[in-house]
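Under this note's numbering, the final residue of the sequence shown carries the number 74; numbering is consecutive throughout. Where is the CB? At the ideal position from N, CA and C, for every residue including glycine.
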Amino acid sequence: MSATELRDKTPDQLREELVNLKKESFNLRFQQATGQLENTARMRQVRRDTARVLTILNEKAAAAASAE
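Shown next, in the form of structure tokens:
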């Protein structure tokens, strides 16, 4: 997912996306530990998507704080 797509979402939608990414990250780590992980590149994608969501959430929070 791209940053422009994420910037169009509301903070609640971003938090929901973050929860989904954390769940997926857990499942991928579990698959890796049991030797069932086929697409190892997906772990990197999920980690970067998580960072992207957190960055945009922080940007929105900073923008809201400065607007007040």
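**Item:** Contact between the segment 45–64 and the segment 22–36 (3+ Cβ pairs under 8 angstroms)
**Value:** yes
**Prompt:** For the putative contact between Val52 and Leu24, defined by C-beta atoms under 8 angstroms, what is the C-beta separation to the nearest angstrom?
**Reply:** Going by Cβ atoms, the distance from Val52 to Leu24 rounds to 11 angstroms, so no, they are not a contact pair.
**Message:** Can you tell me whether Leu12 is buried or exposed? The criterion is at least 16 other CB atoms within 10 Å of its CB, across all chains shown.
**Reply:** buried
**Message:** Whole angstroms are fine: how far does the CA of Ala67 sit from the CA of Asp14?
**Reply:** 14 angstroms
**Message:** For a test of the three-state rule: what should DSSP assign to Met49, helix, strand or coil?
**Reply:** helix
**Message:** Considering just the uninterrupted stretch of the alpha helix (DSSP H) at Thr10, what are its terminal residues?
**Reply:** Ala9 to Arg13
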